[in-house]
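Enquirer:
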Amino acid sequence: MPQATALKPDQTWQRTTQLEALKDADVDVLVIGGGASGVGVLLDALSRGLSAALVDRQDFMAGTSSRSTKLIHGGVRYLEQAFKGLDYGKYELVKEALAERKRMLNMAPHLAWPLTLITPAKSLIGLPYYRFGLGLYDLLSGSERLGKSRIESKIELKRACPSLDMKPLKGGVSYMDGQFDDARFGIAMVRSALEQGGLAVNHTRVDDLIIENGKVRGAHCTDLLGQTRLTIKAKAVINCTGPWTDHLRTMADPDAKPMMTVSSGIHLLLNKNLLPEGRGILIPETDDGRVLFMLPWLGKTLVGTTDDPAELHDHPRASQDEVDYLIKHINEWLIDPIALADVSATFSGLRPLVSNPEGGSTSNLSRDHLIRDDNGLTTLTGGKWTTWRRMAEDCMDTVVKSANLKAGPCKTQTLRLPGANGDEAEARLALKTLPEDIATYLWQAYGDRAHLVMQQGSSKRLVEGAPYIEAELSWALNYEGACKPEDVLNRRMRVGMLDEKVSQQIRDRLETVLKAA
Ligand SMILES: Cc1cc2nc3c(=O)[nH]c(=O)nc-3n(C[C@H](O)[C@H](O)[C@H](O)COP(=O)(O)OP(=O)(O)OC[C@H]3O[C@@H](n4cnc5c(N)ncnc54)[C@H](O)[C@@H]3O)c2cc1C
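Numbering (this note's numbering), first residue to last: 222 to 738.
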């Protein structure tokens, strides 16, 4: 078993130390894939007292997990489907996700927060219909309720989104869900795992699986930055590769039948502030039957999403057609339309969906998770970000039995992530010395570790008018496992996904820091 020393909060995250410990390692659990599902399993295994390691071919969270709509939700739409189709399974799914929603908000309140959303209604019948549905959503939340849904007047609606075309609207219904910074939440999960003695390396690909007596017993990997080979043995190997699930399954069983479909979902970030009160808008139906969101997110307006059949791609990008689709459909609801010039960034994510054997539209496929075994390779796939903890718990319950592991119970229910598990006072005091926009930004990104970030260098702005500071570059590289410019810009600082122009300006400075390192 590799001897990993649990990191202390102020200790650097040395990728080389992690790699060294993983070379010829023998662990209880090896997780392949460092998105929400994989890091969830890593945390779950550690909480049960098992030794556990994780590898990801790209950066942690570089797949679908940094490309979501950023909602922590039970799924209002699934509730509607549950009632329309008298589907008890879907009802249970919503209830379970609502319980997980509250847990995520408690884990890292700086990275996950409650959000009010308003659904505008075009007909008078629409108002009581939405009110009833969202009232049920409140009811299902039970003691985990974040706030009460209610009917909003046209005046309230106009205040929340002054650009809305009010003429066809009769009012709206507001309700509460959660919102989060998906990539930073995920990176905090990885750091938490390292602080519990787990091992995790990014940019390390599983090339093939070790198979002994017909059973998967580990993996051969390549560190893509140093080109060294690793042989990691494990009592249980878990495939959490999201859209790439079938690739790994065929390594375990060349005859494994493909079970995944992917669809692409894109988002736009707007420079225009469409939501001055910080409340989101849920557009209940486009003319092709989709739900769209306009959400406040890290100082921008986030618009999404689409759902189109797609090809597997390591770096999916929003196509012009997808961007045009979103602009067209959002503009149908606005009096003050948005234009391409208002878009500061776009991103695209691949939904890992369990295949529909009957074929047909991908938006009808199940979002529930699936656990299956192929010659000892356990696959965990599907589900959603919100339910990562529950998915991991289900998966590890199965694996503990099938691999006969000596493990305690899952203890992730009350986990607090780095940034939310220390003493706030020191960070709050340090932030008082900074301009308000920088202090607010640093708190939201780093929570009670903001002062440790500030200690890494200067608090000078990297770009005039934006809150990013120089010290963050060194923090991302030395304390949060970033290796490449994209790791820093897209998944530690998020600027790459918020504003491509500002990101480009920071990239030049970052490349100088990387060369000097
Ligand atoms: C457009 C969109 C919007 C969404 N919005 C929401 C939302 O608002 N709320 C919500 O709860 N959920 C949302 N979801 C769902 C959620 O984002 C996903 O369910 C979740 O991120 C899936 O995580 P994952 O870990 O399974 O996959 P991924 O995040 O894709 O992780 C898989 C990882 O496996 C790695 N990998 C692949 N092959 C190998 C290999 N050979 N060796 C090593 N590593 C490998 C990849 O590099 C990748 O990092 C959304 C999804 C999409 C697409």
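All C-beta atoms, glycine included, are put in the ideal place defined by N, C-alpha and C.
1. Relative to the C-alpha of Arg163, which residue among Arg236, Ser364, Phe304 and Leu591 is closest?
2. Please state if the CB of Val297 and the CB of Tyr358 are separated by a distance shorter than 8 Å.
3. Which whole runs of the alpha helix (DSSP H) in the segment 632–720 are 4 residues long or more, in chain order?
4. Which of helix, strand or coil does DSSP assign to Gly597?
5. Around the Cβ of Asn711, are there at least 16 other Cβ atoms within 10 angstroms (buried) or fewer (exposed)?
6. Using alpha carbons as the reference points, say which of Ile459, Ala624, Pro639 and Pro389 lies closest to Pro230.
7. Is it buried or exposed, Thr733, if we count other Cβ atoms within 10 angstroms and call 16 or more buried?
8. Report all residues from its chain with a CB closer than 6 Å to the CB of Asp474; omit the five preceding and five following residues, and keep chain order.
9. Quick check: the Cα distance between Leu275 and Gln302, rounded to an integer number of angstroms?
10. Mind the definition here: the segment 257–272 touches the segment 378–393 only if three or more C-beta pairs lie below 8 Å; say whether that holds.
11. Here's the rule I'm using: 16 or more other beta-carbon atoms within 10 Å means buried, otherwise exposed. How should Phe353 be labelled?
12. Is Thr340 near ligand 1 - that is, is its Cβ less than 7 Å away from at least one heavy atom of it?
13. Among His550, Met675, Ile502 and Leu571, which one has its Cα closest to the Cα of Leu655?
14. At a threshold of 7 Å, does Thr599 count as lining ligand 3 (C-beta to nearest heavy atom)?
15. Please give me, in chain order, every unbroken run of the beta strand (DSSP E) with length at least 3 that falls completely inside the segment 439–464.
16. So is Thr599 buried or exposed if we call it buried at 16+ other beta carbons inside 10 Å?
17. How is the beta strand (DSSP E) around His488 delimited, first residue to last?
18. Alpha carbons only, please: which of Glu691, Tyr700, Trp696 and Ala703 is nearest the one belonging to Asp729?
19. Under 8 Å between the Cβ atoms of His424 and Leu446?
20. At 4 residues or longer, and completely inside the segment 266–327: list those alpha helix (DSSP H) runs for me, N to C.
21. Considering only the alpha carbon of each residue, which of Leu338, Ser374, Ile659 and Arg438 lies closest to Ser395?
22. What is the rounded straight-line gap between the Cα of Leu719 and the Cα of Tyr667?
23. Identify whether Ile432 lies in helix, strand or coil by the three-state DSSP scheme.
24. At 3 residues or longer, and completely inside the segment 364–440: list those beta strand (DSSP E) runs for me, N to C.
25. By the 10 Å Cβ neighbour count, where 16 or more other Cβ atoms means buried, how is Ile551 classified, buried or exposed?
26. If the criterion is Cβ atoms closer than 8 Å, does the pair Asn699 and Thr290 meet it?
27. Contact between the segment 643–658 and the segment 408–428 is defined here as three or more beta-carbon pairs at a separation below 8 Å; is this criterion met?
28. Taking C-alpha atoms, which residue in Ala671, Asp429 and Phe401 lies nearest to Pro517?
29. Gly486 to Ile502, Cα distance in whole Å?
30. Output needed for Pro706: all residues of its chain with C-beta closer than 6 Å, excluding positions within five of it in sequence on either side, in chain order.
31. Mark Asp398 as exposed unless 16 or more other C-beta atoms lie within 10 angstroms of its C-beta, in which case mark it buried.
32. Between the alpha carbons of Arg426 and Gln279, how many angstroms are there, rounded?
33. Measuring CB to CB, does Lys454 end up less than 8 Å from Asp247?
34. Note down, in chain order, each residue of its chain lying with its Cβ closer than 7 Å to the Cβ of Asp265, except the 5 sequence neighbours on either side.
35. According to the neighbour-count rule (16 or more other Cβ atoms, all chains shown, within 10 Å of its Cβ), is His672 buried or exposed?
36. Take the Cβ of Asn625 as the centre, count every other Cβ of all protein chains shown within 10 Å, and call the residue buried at 16 or more, exposed below.
Expert: So, from the listed chains and residues:
1. In the structure displayed, the chain extends from 222 to 738; residue 163 sits before or after that span and is not available.
2. yes
3. 645–652, 657–667, 671–675, 692–700 and 716–719
4. coil
5. buried
6. Pro639
7. exposed
8. Asp595 and Asn596
9. 36 Å
10. no
11. exposed
12. In this structure, the C-beta of Thr340 stays at least 7 Å away from each heavy atom of ligand 1.
13. Met675
14. Ligand 3 is absent from the structure shown, which contains only ligand 1.
15. Correct list: 450–460.
16. buried
17. Its beta strand (DSSP E) spans residues Met481 to Leu491.
18. Considering only alpha carbons, the answer is Glu691.
19. yes
20. Fully enclosed alpha helix (DSSP H) runs of 4 or longer: 297–305.
21. Here the closest residue by C-alpha is Leu338.
22. Going from the Cα of Leu719 to the Cα of Tyr667 covers about 18 Å.
23. strand
24. 371–373, 392–401, 420–422 and 425–433
25. buried
26. no
27. no
28. Minimum Cα distance to Pro517 is reached at Phe401.
29. Each residue's Cα considered, the two are about 18 Å apart.
30. Excluding positions up to five away in sequence, the list reads Arg728 and Leu731.
31. buried
32. 8 Å
33. yes
34. So the list reads Ala613, Glu614, Met617, Cys631 and Thr633, once near-sequence residues are dropped.
35. Looking at its Cβ environment, which holds 16 or more other Cβ atoms inside 10 Å, His672 is buried.
36. exposed
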